[in-house]
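Written below as structure tokens is the structure these notes are about.
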Amino acid sequence: NMIVDFKEKEETGSNIINAGVYVFNKDVFNFFDKDVKSLERDLFPKLAKLNQLQGFFTKGEYYHAGGN
2 NMIVDFKEKE ETGSNIINAG VYVFNKDVFN FFDKDVKSLE RDLFPKLAKL NQLQGFFTKG
62 EYYHAGGN
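Going by my numbering, the letters in the sequence shown line up with residues 2 to 69, in that order.
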């Protein structure tokens with residue numbers, strides 16, 4: 002379930018989405034610095050490159066809650 006790269010949906014053309022439900026180990030705060038403003042753009046790609054980001058697939062419907 003290791004994620005090897007993390008990109009925003011506009012960049013990939015993939016049908017795989019990030020559902021926005023996260024569980025973190027407290028050590029994740031060691032990766033935060035003044036440049037981390039977005040989990041998806043700043044932190045997740047960094048963790049993926051370090052083999053420190055995992056995910057899992059689920060099947061079914063999801064409901065967009067608004068936003069971008």
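The beta carbon of each residue, even a glycine, is placed where N, CA and C say it ideally should be.
Just so it is clear, the structure is predicted and the values come from calculations on it, not from any experiment.
8 Å or more divides the Cβ of Asp28 from the Cβ of Val37. For Phe45, the enclosing alpha helix (DSSP H) begins and ends at Phe45 to Lys50.
Here Gln55 is bridged, per DSSP, to Met3. Just measuring C-alpha positions, the residue of Lys47, Tyr23, Asn26 and Lys60 sitting nearest Asp34 is Lys47.
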